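In my numbering, the protein residues as written are 4 to 301.
The next block holds one structure in the form of structure tokens; read it before the comments.
Written out as structure tokens, the structure is:
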């Protein structure tokens with residue numbers, strides 16, 4: 004049951020984060036004050052990672068139920084998540100800064116009434132992720148650390164581009180969700196958003212690049228007609244046992260006419276960093292490149 008719940012939370016977070024607007028939003032009443040926040044609660048795992056990556060970890064006093072990285076967050080109080088925020092517990096932590104999803108409008112209004120500043124987040128592509136790191140740096144008093152982190156991520160992404168430059172660009176299907184042990188309710192990356200951009204940087208050609216959405220739910224017939232050369236399946240950690248990975252790869256055998264299946268180019272990749280649009284997206288892009296192009300990791 005815990006694994007199923009996490010699957011639903013991960014899927015919901017990806018789909019909500021890919022909602023209309025895809026921009027970082029802060030109202031005028033929520034602009035950073037001159038004094039940096041001392042007690043931060045984050046309901047967004049990607050932004051929790053950003054806070055710790057820029058040196059604001061000591062200011063964090065509460066995180067979502069699904070925050071697992073870095074290890075320091077495991078010692079912090081859990082306050083619910085995207086679908087079940089625990090308002091009473093959040094307020095009990097006496098935060099002066101709360102990070103929310105853009106869809107949590109009721110919470111935004113509630114914290115505004117309580118005089119608590121909020122950082123309201125909707126992500127888009129990689130550029131927006133890097134802008135968010137900078138914005139968090141400015142909001143928390145860690146501008147220099149944030150700028151350094153952005154340079155590091157951008158440098159690693161540029162290095163991946165250089166390594167795959169001139170190589171053939173295979174047609175790639177990037178799957179981030181489906182029903183276990185079946186090819187029902189398959190969700191894949193469309194031609195917009197951080198997953199699509201990571202795939203393109205890694206030297207792949209997204210088979211759904213022509214669909215101007217972050218996620219696509221294709222039928223088996225559509226998957227066959229798109230004929231990917233490589234299939235990358237990404238999953239958050241803790242959703243599968245090691246013995247289940249081979250079983251899940253084997254599910255694709257029912258579509259043996261797909262080149263990726265026929266040529267045994269179905270790669271199952273497990274790790275939260277693969278699906279969280281945070282500071283580790285360069286690591287995920289490197290992993291994509293290594294799967295698409297043998298020997299392209301370093």
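Beta carbons are placed, not taken as given, at the ideal position from N, Cα and C, and that holds for glycine.
Just so you know, these numbers come straight off a predicted model, no measurement behind them.
Cβ distance (whole Å) where residue i is taken to contact residue j below 8 Å
i           : j           : result
residue 189 : residue 175 : At roughly 15 Å, the Cβ-Cβ gap does not stay under 8 Å, so residue 189 and residue 175 are not in contact.
residue 54  : residue 139 : 6 Å
residue 57  : residue 136 : 7 Å
residue 66  : residue 79  : 5 Å
residue 99  : residue 125 : In fact, because the Cβ distance is near 22 Å, the residues do not count as touching under 8 Å.
residue 289 : residue 163 : 6 Å
residue 239 : residue 278 : 5 Å
residue 173 : residue 146 : Between residue 146 and residue 173 the Cβ distance is about 40 Å, and since that is not below 8 Å, they are no contact.
residue 170 : residue 206 : 6 Å
residue 82  : residue 89  : 5 Å
For residue i, three-class secondary structure by DSSP
i           : result
residue 238 : strand
residue 199 : helix
residue 176 : strand
residue 276 : helix
residue 191 : strand
residue 43  : strand
residue 28  : Residue placement at residue 28 cannot be trusted, given a pLDDT of 40 that sits under 50; what the coordinates show is reported in the next sentence. Here residue 28 sits in strand by DSSP.
residue 231 : coil
residue 183 : coil
residue 38  : coil
residue 283 : coil
residue 297 : coil
residue 60  : helix
residue 170 : coil
residue 253 : helix
residue 144 : coil
residue 224 : helix
Residue i - partner residues in DSSP beta bridges
i           : result
residue 271 : 236
residue 158 : According to DSSP, which records beta bridges pairwise, residue 158 is partnered with nothing at all.
residue 81  : 66
residue 209 : 175
residue 214 : Bridge partners of residue 214: none, in fact.
residue 153 : Answer is none; residue 153 lacks a bridge partner.
residue 264 : Paired residue(s): none; residue 264 is not in a bridge.
residue 219 : 191
Closer than 8 Å: residue i CB and nearest the ligand SAM heavy atom
i           : result
residue 139 : Absent from the structure shown: the ligand SAM. Ligands present: none.
_Using a Cβ distance threshold of 8 Å, determine whether the region 146-166 contacts the region 283-292, with at least three qualifying pairs required._
Counting C-beta pairs closer than 8 Å gives three or more between the region 146-166 and the region 283-292, which meets the contact rule.
*If you scan the region 67-132 from start to end, which runs of the beta strand (DSSP E) of 3 or more residues do you find wholly inside it?*
Along the length of the region 67-132, whole beta strand (DSSP E) runs at least 3 residues long occupy 100-104, 120-124, reported in chain order.
*For the region 246-257 and the region 87-101, state whether three or more C-beta atom pairs, one from each stretch, are separated by less than 8 Å.*
With a cut-off of 8 Å, the region 87-101 and the region 246-257 do not count as touching, because too few Cβ pairs lie within range.
*Inspect the CB distances between the region 191-206 and the region 217-227 and report whether three or more fall short of 8 Å.*
yes
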